[in-house]
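Okay, so the sequence shown: first residue is 9 according to the numbering used here, each after it adds one.
Just so it is clear, CB atoms sit at the ideal spot from N, CA and C, and this is done for glycine as well.
Everything numeric in this text was worked out from a predicted model, so none of it was measured.
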Amino acid sequence: MPRAKATAAAGARVVLAAAAALLVVFAAAGQPARAQLFSPGPLSKAHASLEGMGNCVRCHGEGARHDNARCLDCHTEIRTRKDAGRGYHARLGAQTCAECHAEHRGVAASIVEFKPSQRAFDHRLTGWLLEGTHKKNDCKSCHEPRLVDADDARRLLAEGRATFLGLTTVCARCHFDEHRKQVGERCERCHTSTDFAKAPLFKHDKMSSYPLTGKNAKVECKKCHGSLTDDVTPAQIFPGPQSRTYAQFKDIPHGNCLDCHDDAHNGAFGRNCTQCHTTQDWRTILKATSTSASTTRRASRCEACTPMSTARSATGRSPVRRHNSRA
């Protein structure tokens, strides 16, 4: 046999032998090991159950292409929100899942990647702008498992999976209701995120059954709204109250002046104080007529209408001199 043909035949035998050896090794190896011959690297812990050649098509389409629809077949909690047009993922348009959730980087690698960092994440993309005090919070203080409200997100947590999903924008789901259900759950009607303790949006005239006029409008809130003690809320509740005492906003009698003010006349002139007084100035007396009190005011001494002897109390002191208001 010519030397050239002999050399070619020998080379072919070497290639065939190497291929046969490789097939033997490939056949002897387990399925995960065989998959790594084609995989760019091990999957993350979150997807470790998908290792193996038979599972490739569960995530990939043709070749190495990722298919969002296949991701959403498993991640139904994301699909639900995308279909409803709610939340961060619904605002990403045609962006692929793999652009943020890189795979095949090993078991220890995180599948959630924030660029440039988690702290710099633009929260507006979720549909919930962080303002005021909220902007200063650490992510974990809001994305706290005990605050998750959605059932599908709770199921993820029950399976030991972390999630940023499932929170609500209702204030009273994340904050304890410091008013103890006296005024409903629409906290934003009175409060802003700048300072939760204040209520700059509250308008007594429009949002209560008692418009404040005259001197009543200048009275400090706590003078009329006393303090109550909460002895019902469990100590271990989360989120917990800022204080065990709270202001009373319900069941405060206010149908008559005497519900809040002392009767300086000890009942001598009945209970209709507005016959003589206004909220503008307690000591200015309305001019009396034969039928009713006129709305025209004039400063006058009480005895011009009623002798002081009639208005004096049983103690002999003039009730006008001790006229005061608890408000």
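Between residue i and residue j, which are expected to be in contact by the criterion C-beta below 8 Å, what is the C-beta distance as a whole number of angstroms?
| i | j | result |
| --- | --- | --- |
| GLU111 | LEU164 | Going by Cβ atoms, the distance from GLU111 to LEU164 rounds to 19 Å, so no, they are not a contact pair. |
| ALA106 | HIS83 | No, ALA106 and HIS83 are not in contact; Cβ-Cβ is about 13 Å, not under 8 Å. |
| ASN224 | THR282 | Incorrect: roughly 13 Å between the Cβ atoms, too far for contact. |
| GLY49 | ARG113 | 6 Å |
| SER52 | VAL115 | 6 Å |
| GLN126 | CYS147 | 6 Å |
Distance, Cα to Cα, residue i vs residue j?
| i | j | result |
| --- | --- | --- |
| HIS269 | ASP213 | 20 Å |
| CYS227 | THR241 | The identity of residue 227 in the sequence shown is Val, whereas the question assumes Cys. Cα-Cα distance, rounded: 31 Å. |
| GLY222 | ASP91 | 55 Å |
| LEU209 | THR200 | 8 Å |
| ALA170 | LYS231 | 48 Å |
| SER235 | SER251 | 11 Å |
| THR104 | PHE246 | 37 Å |
| SER118 | ALA56 | 12 Å |
| HIS68 | GLY60 | 13 Å |
| GLN190 | ALA102 | 46 Å |
| GLN244 | ARG188 | 16 Å |
| GLY93 | LYS258 | 40 Å |
| ASP130 | CYS179 | 21 Å |
| LEU133 | LEU80 | 20 Å |
Going by the DSSP bridge assignment, what does residue i pair with across the sheet?
| i | result |
| --- | --- |
| ALA255 | SER235 |
| HIS187 | Paired residue(s): none; HIS187 is not in a bridge. |
| HIS285 | DSSP output for HIS285 lists no bridge partner at all. |
| LEU266 | Paired residue(s): none; LEU266 is not in a bridge. |
| HIS74 | HIS68 |
If you check the beta carbons only, do residue i and residue j fall under 8 Å apart?
| i | j | result |
| --- | --- | --- |
| CYS198 | ALA205 | no |
| GLN256 | HIS285 | no |
| ALA161 | GLY140 | no |
| ALA98 | ARG87 | no |
| CYS182 | CYS150 | yes |
| ARG279 | LEU266 | yes |
| PRO249 | GLU186 | yes |
| TYR218 | ASP238 | no |
| ASP203 | THR176 | no |
Answer yes or no: the CB of residue i versus the heavy atoms of the ligand ADP, is any distance below 7 Å?
| i | result |
| --- | --- |
| LEU58 | Although the ligand ADP was asked about, the structure shown includes no ligands whatsoever. |
Alpha helix (DSSP H) segments (min. 4 residues) lying fully within the region 84 to 161: 84 to 92, 140 to 144, 147 to 150
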